[in-house]
Amino acid sequence: MMYDDPWKLKKVLNSSDVGSLSRLLLPKEMAEPLVAAVLGYDENQKEGMEVEIWDVDTQSMHSLVFKRWGSSRSYVFMANWTKDFVKRRSLKSGHEVAFHWNPYANRFHFSVLKSATEEDFSN
1 MMYDDPWKLK
11 KVLNSSDVGS
21 LSRLLLPKEM
31 AEPLVAAVLG
41 YDENQKEGME
51 VEIWDVDTQS
61 MHSLVFKRWG
71 SSRSYVFMAN
81 WTKDFVKRRS
91 LKSGHEVAFH
101 WNPYANRFHF
111 SVLKSATEED
121 FSN
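First residue of the sequence shown: 1, per full-length UniProt numbering; consecutive thereafter.
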């Protein structure tokens, strides 16, 4: 039996993801196949939509605004990203984070898969 990795959206954070912009940018090609289909997202909705995110590592619920990012057509999680994730979880550039959609709970699940220090020690 093959293992089906539930973490469909994985991203190694960069400086803009953990900086003062308070947003996590997900490239279109990474997010669109899962996110647009799962959420039935209206790409013309400029203000975005509030989504619940369950942090499976800390067993805590958070709300972020999810939207399509203008000209780049990428997707972003914004609003409380810095406070609820970057600062609370001490996220840094180089950390690998992941999301997946739970259709039964109607929310995203979030996890830190690899910390920057784990990456440093493995080299």
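Quick reminder that beta carbons are idealized off the backbone N, C-alpha and C, glycines included. If you're wondering where the values come from, they're calculated on a predicted model, not measured in any experiment.
Beta-bridge partners of K10, as assigned by DSSP: The partner list for K10 (beta bridge, DSSP) reads A98.
What are the partner residues of W54, as DSSP defines its beta bridges? Listed as beta-bridge partners of W54 by DSSP are M61 and H109.
Does DSSP classify K114 as helix, strand or coil? Note: K114 maps to strand in three-state DSSP.
Output the distance between the C-alpha atoms of V56 and V112, rounded to the nearest integer angstrom. C-alpha separation (whole angstroms): 9 Å.
Identity of the residue in S115, R68 and S93 nearest E32 by Cα: Ranked by Cα distance from E32, the options S115, R68 and S93 are led by R68.
Does the stretch 58–68 come within contact of the stretch 90–100, defined as at least 3 CB pairs closer than 8 Å? The stretch 58–68 is not in contact with the stretch 90–100.
Could you work out which residue in K114, N106, A116 and S115 is closest to E50 when comparing CA atoms only? When only C-alpha atoms are compared, the closest one is N106.
Closer than 7 Å by C-beta to R23: which residues in its own chain qualify, once you throw out the five before and the five after it? Chain order, please. So the qualifying residues of the chain are V76, F77, M78 and W81.
Can you give me the C-alpha to C-alpha distance between P103 and K83, rounded to a whole angstrom? Taking the CA atoms as reference points, P103 sits about 26 Å from K83.
Would you mind working out which of L21, S20, K11 and F110 sits nearest P27, comparing C-alpha positions? Looking only at L21, S20, K11 and F110, the smallest Cα-Cα distance to P27 is reached by K11.
For S15, three-class secondary structure by DSSP: S15: helix per DSSP, three-state reduction.
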